[in-house]
Amino acid sequence: MRIDNVLPLLTARGIGLRLDGRWLFRNLDFSLLPGEFLTLTGPSGVGKSSLLSCLAGTRKPTEGKIVRNFPKDKGIAIVFQDLLLTDGASVLTNTLCGRLNRYGFARTLWGFPEQDRIDAFNTLQELGIGKLAHKWAAETSRGEQQRVAIARALVQEPALFLADEPVASLDPARADAALSIFQREARKHGRPVFAALHDPRQVEKFADRELILSSNSPEDWTLQTVSRHVS
Amino acid sequence: MFPDPCEDSVPWYNRLNVVNLTFLVFLLAVGFSLPALEGSGRDLNYWENLTRFGAKFFPPDLSILGRTLTSLWETFQIAVCSTFFAISLSLLISLGAAQNLAPKWLVIMTRMLLNMIRTVPSLLWALLAVVIVGSNSLAGVIALTFYSIGYLGKFYSEAFEAADVSVRSALSDIGASRMQAFQYGLWPNVKPLIWSHSLWMLEYNVRSASIIGYVGAGGIGLHLKLYADSPNSWDKFSTVLLCILFVVTLLDLLGERIRKRIKQRLTGKNT
């Protein structure tokens, strides 16, 4: 895809994060452009999840600045590594939680509008878990829960997606199917995806660019275009 | 026996933990409480007294079954209404008593209030209510509502505190308001436990509602008092007891099944 002369939706300018006296990353500069699929890779404990939480706004970077360039009401959809689903709520309700930012408390007190319910169900169907819609999240398997977390992010129709190991519990076929949906969101709707992935095959198949964090040094990060891109 | 390798190097008091220590304190308390077993000091044949008195209960006099069941129905109504009002009020109060939801000053004040409510036994609440609204079933409802709030408020606040708040935070992160995050991220996870406590309270209130009639707060307790005060009516008294036993056992079994089912769903063991 072409990434020149496009206004980035999110820009990290020289950001760094120090946790427990240790710098995880420093002087990190990169942008997230409309329509792109950017992956985040690196060894365990290098700070991938922490970087994502900085971008999500749930953690303040120790240094540097993050510039967001999208309407606030659109927001950021996050697929959390721990999924963070409501165990005692149905799969459908968990999915609909992605739409909470659209309404006030009074509107969602007794449930969601019919159209939202239809959209959420269609998303679940697309991910192959439509039949689980009325089961509690606690009653589903880890792989199914992971797809519910993805569905929750998708129905949000956000400005951009942040995903922390979003397909770690899925088999290769289902993982590819889910990543294809994210790729379609990026291409068709211009909603960029920034996803931490651990499988090089997935990076090669879906990513436009790759940000690699290294455990050698906090400043030893690399941003590169994925050369052997297979679509 | 193998020698303990730590025996010489680790002092004995290092083995004390909160469980061992409280157990030790409890054993000491038992030792100090033994004088309570002394009794009156009169030369009584306990077994003979028991069998003589117990024999008066049999056979139960079933001729009073009709009016006993009518009173039992009123007792059940008192229990249901009081549990309903207690659930509604306790839910609000418990939000103020949960450390992860309310500011510290409110938690302290609410917990003090709940402690005060719990200090008053159900019979005393019933006496108070009878004084205020007269001798009827409304007094029973008021009494048991207050009595239940003391317990449900505590149980509910503990349920809120035990809940994982990370989902609530996650929903806030993706744009939900504070109230929405509570409703969709915390409440569904706490709801089964709250319902389980509420069912237990209903069972408990049926038992309590059976006794508060003793002081005029409606229900089957009035019959218990009537037959206990009348000479040679222990066979009627036993009929009332059997009816209460039947209802309480039925509720207990039902509550147990529902609680088990809730637990299964939450742990996903039936998938």
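Order-wise, the sequence lines are chains A and B. With our numbering applied, the first sequence covers 281 to 511. With our numbering applied, the second sequence covers 36 to 306. Positions of the beta carbon are idealized from the N, C-alpha and C atoms, including for glycine. For clarity, every value in this text was computed on a predicted model and none was experimentally measured.
*For A:V473, the three-state DSSP class (helix, strand or coil)*: strand
*How big is the Cα-Cα spacing for B:T302 and B:A211?*
26 Å
_Rounded distance between the beta-carbons of B:G256 and B:Y262, thought under 8 Å_ = About 11 Å; that fails the 8 Å criterion.
*Can you check whether the CB of A:L364 is closer than 8 Å to the CB of A:V435?*
no
*State the DSSP-derived secondary structure class of B:R102, mapped to helix, strand or coil.*
helix
*Based on the DSSP secondary-structure assignment, which residues constitute the bridge partners of A:G296?*
A:E343
*Counting only runs of 4+ residues fully inside the region 348 to 433 of chain A, write out the alpha helix (DSSP H) ranges in chain order.*
371 to 376, 385 to 388, 394 to 406
_Counting beta carbon pairs with one atom in the region 366 to 376 of chain A and one in the region 232 to 250 of chain B, are three or more of them shorter than 8 Å?_
no
*Check the Cβ of A:I358 against every Cβ in chain B and list those closer than 8 Å, keeping chain order.*
A205, D208, I209
*Could you work out which residue in A:R387, A:T502, A:V473, A:K354 is closest to A:P438 when comparing CA atoms only?*
A:K354
_Endpoints, the alpha helix (DSSP H) within which B:W269 is located_ = 269 to 302
*Name the one or two DSSP bridge partners that A:I492 has.*
A:T321, A:T502
_Under 8 Å between C-beta atoms of A:L493 and A:K328_ = yes
*Beta carbon of A:L313, beta carbon of A:P288: below 8 Å?*
yes
*Run down chain A in chain order and give the residues with a C-beta less than 8 Å from the C-beta of B:S19.*
Nothing can be reported for residue 19 of chain B, as the shown portion of chain B is limited to 36 through 306.
*Identify whether B:F217 lies in helix, strand or coil by the three-state DSSP scheme.*
helix
*Is the region 273 to 281 of chain B close to the region 201 to 221 of chain B, with three or more CB pairs under 8 Å?*
no
*Around the Cβ of A:G378, are there at least 16 other Cβ atoms within 10 angstroms (buried) or fewer (exposed)?*
buried
*asked:* Using C-beta distances below 7 Å, list every residue in its chain close to A:V506, excluding the 5 sequence neighbours before and after it, in chain order.
replied: V483, E484, A487, D488, R489, E490
*asked:* What would DSSP say about B:N80, mapped onto helix, strand or coil?
replied: coil
*asked:* Please tell me whether A:A466 has its Cβ less than 8 Å away from any Cβ of chain B.
replied: no
*asked:* What would DSSP say about B:S125, mapped onto helix, strand or coil?
replied: helix
*Put A:T291 into one of helix, strand or coil per three-state DSSP.*
strand
*Select from the region 322 to 342 of chain A all residues with a C-beta closer than 7 Å to any C-beta belonging to chain B, and list them in chain order.*
A336, T338
*Of the residues A:L440, A:R454, A:A453, A:A455, which one's Cα is nearest the Cα of A:R467?*
A:L440
*chain A partners of B:Y219, CB-CB under 9 Å?*
T366, A369, T373, N374, L376, C377, L380, T388
*Pairwise C-alpha distance: B:P70 and B:I229*: 41 Å
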